[in-house]
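Asks: Below: one structure in C-alpha cells.
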Amino acid sequence: MRNTFSNETQILGLLGHPIKHSYSPFIFNITAQLLNLDLTYLPFDVPPAELKYAVKGMVTLGFKGWNVTIPHKETIKRRLNSLSEEAALVGSVNTVVNDMGNLVGYNTDVNGVYESLLPYKDEIGGLDVTVIGAGGAARAVLYTLIKHFRPGTINLINRTEQRADTLKDYFYNKMRYPDIKTQILFPPRVQEVISNSKLIVNTTSVGMYPDSGSQLFPEAKAFNRGQVVFDLVYNPVETNFLKMAKGEGAVTINGLRMLVAQAAKSFELWTGQEMPVPAIHDAILNYIK
Ligand code: ATR
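Written out as C-alpha cells, the structure reads:
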C-alpha cells in the first residue's frame with residue numbers, strides 16, 4: 007500500500023461511530039495505489055456530540071470530501087450547504103464533497119443499488135417486487151426502484167409494520183408513488199408475497215457477520231426460478247438468504263457489488279476519476295477471505 011505522502015496529498019475520510027469494521031479505507035486506499043494517485047483515506051470514530059467539530063476541522067484541514075456512516079447519515083444534513091436530489095429524497099447522506107468550504111451532500115447508495123440491479127432492469131419493469139426492511143437502506147432501495155425501475159406493486163415487509171407504513175406514506179408524498187403495500191414480517195403471508203415477486207431485496211442486517219447464522223425466515227419454498235434476489239449484506243458475501251434463493255434456482259446478487267459501486271460513485275465525485283471496479287471487487291474478496 008502507498009505509504010509516501012507529499013505536500014499536496016489529497017485527504018479523504020470516513021466519519022462514523024463505530025467504524026472499526028468498515029471496508030472503505032481498504033477500498034479507497036487500494037484504488038489510490040492502483041491509479042497511482044497522491045491521496046489517502048482515513049477513518050475517524052466520531053461520536054454524535056462531536057460531529058460538528060469534526061466537520062469544521064475537516065474543512066479547515068482541507069479535506070476534499072468524506073463518507074458518512076452510522077449514526078451520522080441523517081444528522082450530517084444540517085452541517086451541509088446543499089443536498090443532491092437523491093440525498094434530499096432518500097433523506098440521508100453517505101458522501102460529502104467539500105468544494106472550497108461549500109459542502110454538498112450526496113447519497114451514493116442509490117448508485118450502488120442502481121448498478122447492482124441494472125442488468126435486470128428490463129425484467130423488473132412492471133412486475134411486483136418485495137423490499138424487506140424499512141430503515142435507511144430501504145429508503146435508498148425504494149427511491150432507486152421508483153425513480154429508475156418502475157416496477158408494479160412494491161411490497162414493503164418489515165418486522166415493525168408501522169415503520170413500513172411511515173415509509174409508504176413518505177414515498178407517496180414525496181414521489182407520488184401510489185403502489186406500495188406494507189406487510190409484517192411473518193410467514194405464511196410473507197412467503198406468498200415473496201413467491202409472487204420478480205425481485206426480492208433484503209435491506210436488513212439479518213444474516214450479517216457475526217450473526218451470519220440468523221435468517222429472515224426458515225422456508226426456502228418462497229423462492230423460485232426466474233426471480234432475482236438481492237441481499238445488501240456483504241459479509242458474508244453469500245448470506246444464508248442468498249444460498250436459500252440460489253438453491254431454488256433464483257438469480258442472486260450479493261452486497262459486495264453495491265458496496266463497490268457506491269464507493270466508485272463517491273470516488274468519482276471527489277476526484278473525477280473512475281474506480282477500477284472489477285479489480286477492487288477482486289481485491290476486497292481476497293481481503294475478506
Ligand atoms: P439501516 O439504515 O441499515 O437500514 P436501520 O435504520 O436501523 O438500519 O434499519 C434496520 C432494518 O432492519 C429495520 O427495518 C429493522 O426492522 P424494525 O423496523 O422492525 O426494527 C430491520 N431488522 C433489524 N434486525 C432485524 C431482525 N432481527 N429481524 C427482522 N428485521 C430486523
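Numbering (this note's numbering), first residue to last: 7 to 295. Even glycine gets a Cβ: it sits at the ideal position worked out from N, Cα and C. Please read these numbers as outputs of a predicted model, since none were measured by experiment.
#1: Rounded to whole angstroms, what's the CA-CA distance from N87 to L109? Just pull it up for me.
#2: Near P54, what residues of its chain come up, given a Cβ to Cβ distance below 8 Å and the 5 sequence neighbours on each side ignored?
#3: For G166 versus G213, is the C-beta spacing smaller than 7 Å?
#4: Sort T15, L262 and E129 by Cα distance to G71 and report the nearest one.
#5: State the Cα-Cα distance for the pair A251 and F229, rounded to the nearest angstrom.
#6: Whole angstroms are fine: how far does the CA of A94 sit from the CA of K62?
#7: Whose C-beta lies closer than 6 Å to the C-beta of V239 among residues of the same chain, with five residues either side of it excluded?
#8: Pick from H154, N42, I200 and E225: whose alpha carbon is nearest that of D134?
#9: T188 to L40, Cα distance in whole Å?
#10: Write down the C-beta distance between S28 and L20 rounded to the nearest angstrom, noting that I regard them as a contact closer than 8 Å.
#11: For M181, count neighbouring Cβ atoms within 10 angstroms of its own Cβ and tell me buried if that reaches 16, exposed if not.
#12: Just to confirm before moving on: does the CB-CB distance between V96 and Y149 stay below 7 Å?
#13: Collect the residues with a C-beta less than 6 Å away from any heavy atom of the ligand ATR and give them in sequence order along the chain.
Replies: Short version:
#1: On the sequence shown, position 81 is the one that residue 87 refers to. On the sequence shown, position 103 is the one that residue 109 refers to. The C-alpha of L109 is placed about 5 Å away from the C-alpha of N87.
#2: Start at 1 with the first residue of the sequence shown, and residue 54 comes out as number 48. Cβ within range, chain order: H23, P77, H78 and T81.
#3: Position 160 of the sequence shown holds residue 166. Position 207 of the sequence shown holds residue 213. One point to set straight first is that residue 166 is Thr, not Gly, in the sequence displayed. Cβ distance not < 7 Å, so T166 and G213 don't count as in contact.
#4: Position 65 of the sequence shown, counted from the first residue, corresponds to residue 71. If we check each option's Cα against that of G71, T15 comes out closest.
#5: One-based indexing of the sequence shown puts residue 251 at position 245. One-based indexing of the sequence shown puts residue 229 at position 223. Rounded to whole angstroms, A251 to F229 spans 6 Å at the Cα level.
#6: Mapped onto the sequence shown, residue 62 falls at position 56. Mapped onto the sequence shown, residue 94 falls at position 88. Each residue's Cα considered, the two are about 22 Å apart.
#7: The residue given as residue 239 occupies position 233 in the sequence shown. Excluding positions up to five away in sequence, the list reads G213, M214, T245 and G261.
#8: The sequence position of residue 134 within the sequence shown is 128, counting from 1. For D134, the closest of H154, N42, I200 and E225 by C-alpha to C-alpha distance is I200.
#9: In the sequence shown, the residue the question calls residue 188 occupies position 182. In the sequence shown, the residue the question calls residue 40 occupies position 34. Near 45 Å, if we compare the C-alpha coordinates of L40 and T188.
#10: The count along the sequence shown starts at 1 and reaches residue 28 at position 22. The count along the sequence shown starts at 1 and reaches residue 20 at position 14. With 8 Å as the limit, S28 and L20 qualify as a contact, their Cβ atoms being about 6 Å apart.
#11: As a working note, residue 181 is residue 175 in the sequence shown. Exposed, since its Cβ has fewer than 16 Cβ neighbours within 10 Å.
#12: Looking up residue 96 in the sequence shown gives position 90. Looking up residue 149 in the sequence shown gives position 143. Yes, the pair counts as a contact, with Cβ atoms nearer than the cut-off.
#13: Matched residues: G139, A140, G141, G142, A143, A144, N164, R165, T166, R169, L191, T209, T210, S211 and V212.
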